[in-house]
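Take the sequence shown: its letter number 29 is residue 227 in the working numbering, and every next letter is one higher. Each residue gets a CB set at the ideal place from its N, CA and C atoms; glycine is no exception. To start, the structure itself, in structure tokens.
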Amino acid sequence: MKIITLTLLAFSVLTARAADYNIVAYGAKADTTVLSTEALQRAIDDCSQSGGGRVVVPTGIYKIGTVELRSHVNLHLEQGATLYGSTDLKDYRPMTTGYVSLRTKAPTIQLIYADRVEDVTIDGFGTIDGRGRAFKKLSWNDEGITRPHLLRFIQSRDITVRDITLKNSGCWMQHYLACDRLRIDGIKVENRNNYNNDALDLDGCHEVIVTGMTADSDDDGITLKSTSPRLCENIRIADCVVSSHCNAVKLGTETNGGFRNISIAGIVVKPSYDQREKFFGQWIGSSAISLEIVDGGVLENVNVSDITVEGTEAPIFIRLGNRARGYLSDGANMEKIIPVDHVGRIDGIRLSNIQIRNAGAMGCSITGLPGHPVENVWLSDISIRHKGGIAASRLPEIEQTVRDEKEKEYPEATMWGPLPAKGFFIRHARNIIFNNVTIETDQPDARPDFVRIDAE
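Right under this line is the structure:
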């Protein structure tokens with residue numbers, strides 16, 4: 199009898215946790231002339247306070263401003279349901295956080311926000327559309343200030359984002375900052391309507407799995423960052439299709455902490471179907487794979503394999519630079535920047551089974567700095583075919599251009615223009631191993647396959 203009683207109690211607890219909170223019952227209207235922010239927020243709050251469950255967005259179109267997710271909430275969008283972001287900045291609440299990062303220096307605005315939550319899921323086959331084209335770029339660093347992020351989680355854990363479609367953010371689509379145990383699976387991202395339109399940004403996160411994402415973004419596609427001393431580490435990214443005018447898969451640019459134990463596999467990189475508009479980058483994409491340390495961090499134990507690439511001007515870019523951008527010291531003094539007084543380190547990259555077709559003629563590069571080499575990079579089973587066409591008469595000009603180390607400059611795969619090698623330009627590097635790497639061009643190209651300077 200005691201066993202039966204305990205079983206019934208357990209079942210009742212599970213039932214309570216699985217309760218649905220339909221936003222229509224809270225006053226939400228399937229009408230984009232009516233703001234449903236308050237109804238959605240009350241449903242989220244009641245769900246969390248009652249121990250958790252599903253907040254259901256039924257089929258229909260709803261307009262919202264900033265909503266804040268709570269722990270133990272599953273925001274579920276039914277098929278045919280769309281949450282549209284308001285196009286009026288007054289409907290967005292500036293949010294502050296205790297987590298210290300250059301990306302949280304000022305109060306920021308976003309459509310869906312969460313800080314220090316746990317056990318949160320966003321799922322279903324509905325859509326969240328930020329209508330980001332309505333927010334004009336007003337200054338160089340206005341993302342999250344006058345142009346809202348669509349989705350932002352800070353210092354949270356056990357987060358799942360699954361199956362939904364995310365569209366048209368005012369800047370970055372989704373920013374996960376200092377989060378642990380994050381799972382992103384089967385989502386679709388369309389973000390080509392404004393500047394800084396990244397598809398996915400993982401910033402100082404641990405224990406992350408990203409699978410089955412289809413992303414089409416104007417700016418970077420899958421991006422790992424480190425805007426504080428906290429590294430991105432223990433991350434698996436697999437089986438995604440990425441289109442980007444900039445960098446399809448990128449570790450950088452912000453690299454105060456760096457990256458450790460990163461596995462990236464089974465990625466298809468291709469140009470976007472929609473080539474009517476470009477805010478940043480190159481029409482066929484800047485790079486397929488960019489691995490960068492420029493702010494004093496470390497990059498180690500990174501494995502990239504089974505990548506299929508169509509396009510990109512400079513497909514593979516590995517860069518150790520010294521931009522040396524500092525980071526915030528503490529939450530009490532949000533203006534105090536700790537300077538970076540050292541060059542970072544790249545040690546331990548393995549690139550394998552990569553096929554690249556229809557690339558631009560710039561070439562690939564692996565570059566460090568004098569006295570600070572990129573170390574221990576293995577490249578195997580890589581096939582590159584690009585348009586070629588660089589004549590011998592251009593070689594002196596190209597060689598003169600790359601003499602500038604550009605130590606402090608923003609790292610970009612196209613930063614030197616055409617490189618001295620039609621395959622790989624390697625400078626300031628140690629223990630770089632190539633095995634079964636082939637370079638072909640559509641047009642005759644006077645450059646050698648490989649050029650080494652201070653490299654072995």
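Could you pull the start and end residues of the beta strand (DSSP E) that T295 belongs to? No beta strand (DSSP E) holds T295; DSSP gives it neither H nor E.
Quick one: residues in its chain with C-beta nearer than 8 Å to the C-beta of T285, no 5 flanking neighbours on either side, listed in chain order? R329, A332, F333
Using only the alpha-carbon positions, how far apart do V387 and R314 sit? 25 Å
How big is the Cα-Cα spacing for I310 and G542? 34 Å
Beta bridge counterpart(s) of E341 as assigned by DSSP: R345
Exposed or buried, Q473, counting other C-beta atoms within 10 Å across all chains shown (16 or more means buried)? exposed
Kindly indicate the opening and closing residues of the beta strand (DSSP E) around I465. 456-467
E597 lies in the alpha helix (DSSP H); which residues open and close that run? 593-599
In its own chain, which residues sit with a C-beta less than 7 Å from the C-beta of W614, not counting the 5 before and 5 after it? T599, V600
Just list the residues that DSSP pairs N220 with in beta bridges. V254
Whole angstroms is fine: what's the gap from F648's alpha carbon to A559's? 14 Å
Short of 6 Å in beta carbon distance, which residues of its chain neighbour T506, apart from the five on each side in sequence? Order them along the chain. V466, Q553
On the three-pair Cβ rule with 8 Å, is the region 433-447 touching the region 487-501? yes
Out of I637, V406, G419, R628, which one is the CA nearest neighbour of G569? R628
Between which two residues does the alpha helix (DSSP H) harbouring Q247 extend? 235-247
Locate the beta strand (DSSP E) running through Y311, then write down its first and last residues. 308-313
Can you say whether E595 is buried or exposed, counting buried as having 16 or more other CB atoms within 10 angstroms of its CB? exposed
Among G278, D416, Q353, which has the Cα closest to the Cα of T294? Q353
Contiguous beta strand (DSSP E) assignments of at least 3 residues, all confined to the region 511-596: 514-518, 525-528, 531-536, 543-557, 562-565, 572-586
Just checking my contact of R390 with D418 at CB under 8 Å: how many whole Å lie between their CB atoms? Rounded, the Cβ-Cβ distance is 12 Å, inconsistent with contact.
Identify the continuous beta strand (DSSP E) that holds V497 and give its terminal residues. One detail in the question is off: residue 497 reads as Leu in this sequence, not Val. Start and end: 496-508.
Can you give me the Cβ contacts of L233 inside the same chain, cut-off strictly under 8 Å, excluding the 5 residues immediately before and after it? K261, I262, G263, S284, D289
Check the DSSP bridge columns for C438 and list the partner residues they point to. I465
The ligand ATP and H540: does the residue's C-beta get closer than 8 Å to at least one heavy atom of that ligand? Among the components modelled here there is no ligand, and therefore nothing to report on the ligand ATP.
Straight-line Cα distance separating P305 from A530: In this prediction, A530 has a pLDDT of 47, which is less than 50 and means its spatial position is unreliable; what the coordinates show is noted afterwards. Approximately 14 Å between the Cα atoms of the pair.
My output table needs one value for L375: the three-state DSSP class, helix, strand or coil. strand
Per-residue burial, H404 [other beta carbons within 10 Å of its own, 16 or more giving buried]: buried
Taking only three categories from DSSP, how would you classify K448? strand
Excluding the 5 residues flanking D401 on each side, which residues of the same chain have their C-beta closer than 6 Å to its C-beta? L375, K423, T425
Quick one: Cα of F477 to Cα of S470, how far? 13 Å
Ordered along the chain, which non-local residues of its own chain (more than five positions away) have a Cβ less than 6 Å from that of G621? I637, D647, F648
Going by C-alpha distance, which of A237, D218, A217 is nearest G225? A237
Is the Cβ-Cβ distance between S563 and F632 less than 9 Å? no
Would you grab the beta carbon distance between G586 and P513 for me? Rounded to a whole angstrom, and I think it's under 8 Å. Not really, about 14 Å apart at Cβ, beyond 8 Å.
Find out if the Cβ-Cβ distance for the pair H540, G483 is shorter than 9 Å. no
Which of helix, strand or coil does DSSP assign to R428? coil
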